[in-house]
Amino acid sequence: MEQKVGFIGIGNIAIAVISGLLKSECISTSKIWIHDHKSTTNKIISAKYNINCTDTDVCLAQKVDILFLTLKPNTLLKVLKNISHHIKQNTILISVAAGITINQIEQIIGNNKKIIRAMPNINSSIGEGMTSITPNKILNQFDINIITDIFKSFGKTIIVSEELIHSVIGISSSAPAYVFIFIEAIADAAVLSGMTYSQAYQCAAQALKGSAQMLLSTKKHPGELKNMVCSPGGTTIEAVSALEQNNFRSAVMRAVQKCIKKSKKLSRSY
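Read left to right, the sequence shown gives residues 477 to 746 (my numbering).
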């Protein structure tokens with residue numbers, strides 16, 4: 477791609493997206509620019525990935541065609557006010573901040589700018605990300621395709637309405653944490669039975685990876701796939717029964733709903 481891409485705020489999500497972009501080889505290092513308020517972070521990350529850094533967020537905003545604001549919500553609003561008059565007219569601005577709406581961004585930089593809210597997850601860093609994309613009305617289909625292609629270069633994408641972003645946060649952005657807890661719990665059980673942690677993590681992670689791929693490949697209902705594993709009176713249905721007795725489904729649903737509720741609460745606080 478020919479566009480210059482910039483990142484203001486260099487944390488886990490920014491690094492995940494940068495890593496994904498570079499691994500996909502869809503952009504050269506010379507076209508990526510970063511700025512973080514910590515000068516040491518700028519030096520370390522620019523050297524690690526052989527990309528460019530700027531001394532100020534204003535300088536970066538003036539340079540790039542696609543601007544990722546990978547910032548916490550409270551910081552995002554401050555940075556927007558600082559760079560609002562320096563964003564080029566055709567720049568596509570991408571916010572990954574939970575809780576900050578498109579309308580709030582438009583109130584600061586104007587309603588004639590191209591704005592996207594994107595919700596990637598940390599798996600983007602290994603090319604297996606899941607990202608929701610929510611554009612404002614200024615973007616045309618060509619613009620949307622450019623951004624979609626960026627996120628597709630390191631995972632899957634889905635275009636959603638803004639009100640569904642809270643659900644995306646609950647089931648995609650935050651989901652890797654739930655999965656890691658599940659893998660850790662399965663592994664602990666295996667270690668209790670004599671396995672090493674190395675063996676247990678490998679088996680558990682591959683089982684989840686394969687199961688997820690089977691669901692995506694076959695497009696069968698997860699309940700149908702579960703039934704294929706459960707033999708009458710067998711070991712698997714015994715484990716499933718224990719999960720049901722301990723309200724496993726209900727616990728997961730409550731956790732996701734708590735996450736969604738928290739996201740909605742945060743959006744009302746800014």
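From the three backbone atoms N, C-alpha and C, an ideal C-beta is built for every residue, glycine too.
Among the options, nearest to residue i - alpha-carbon criterion
i, options, result
"Glu582", "Thr607, Leu553, Ser608 and Ser600", "Leu553"
"Gln678", "Phe656, Lys590 and Pro698", "Phe656"
"Ala676", "Asn518, Asn526, Glu660 and Met690", "Glu660"
"Lys628", "Gly487, Phe544, Val493 and Asn723", "Val493"
"Lys738", "Thr672, Ala574 and Met595", "Ala574"
"Tyr746", "Thr672, Asn550 and Asn612", "Asn550"
"Ile623", "Leu497, Gly487, Asn488 and Ile486", "Leu497"
"Cys535", "Val705, Ile563 and Ser522", "Ile563"
"Gly487", "Ser693, Asp512, Glu501 and Gln689", "Asp512"
"His561", "Ala537, Leu545, Asp541 and Ser504", "Ala537"
"Asn528", "Ala651, Ser506, Asn722 and Thr633", "Ser506"
"Ser500", "Ala594, Ile602 and Leu545", "Ile602"
"Leu545", "Lys557, Val572, Met704 and Tyr525", "Val572"
Helix, strand or coil at residue i according to DSSP, with G and I counted as helix
i, result
"Thr546", "coil"
"Leu569", "strand"
"Ile486", "coil"
"Gly631", "strand"
"Val728", "helix"
"Ile592", "strand"
"Met690", "helix"
"Pro652", "helix"
"Val481", "strand"
"Gly646", "helix"
"Ile609", "strand"
"Met704", "helix"
"Glu714", "helix"
"Gly699", "helix"
"Lys564", "coil"
"Leu615", "coil"
"Tyr746", "coil"
"Val441", "Nothing in the structure corresponds to residue 441, since the chain is present only between 477 and 746."
"Thr577", "coil"
Assigned exposure category for residue i - 16 Cβ within 10 Å defines buried
i, result
"Ala490", "buried"
"Thr516", "exposed"
"Gly631", "buried"
"Leu692", "exposed"
"Ile503", "buried"
"Thr607", "buried"
"Ser522", "buried"
"Ala688", "exposed"
Short Cβ contact (9 Å threshold) for residue i with residue j
i, j, result
"Glu639", "Ile578", "no"
"Lys480", "Ile508", "yes"
"Thr610", "Lys589", "no"
"Ile576", "Leu543", "no"
"Asp531", "Ile559", "no"
"Leu547", "Ile484", "yes"
"Lys539", "Gly482", "yes"
"Gly605", "Cys735", "no"
"Pro698", "Ser649", "no"
"Val716", "Tyr654", "no"
"Asn616", "Ile592", "no"
"Ile620", "Ile635", "yes"
"Ser600", "Ser495", "yes"
"Ala666", "Ala680", "yes"
"Met477", "Asp625", "yes"
"Thr694", "Leu701", "yes"
"Leu556", "Ile510", "no"
Alpha helix (DSSP H) runs wholly inside the stretch 488-534, at least 4 long, in chain order: 488-500 and 515-525
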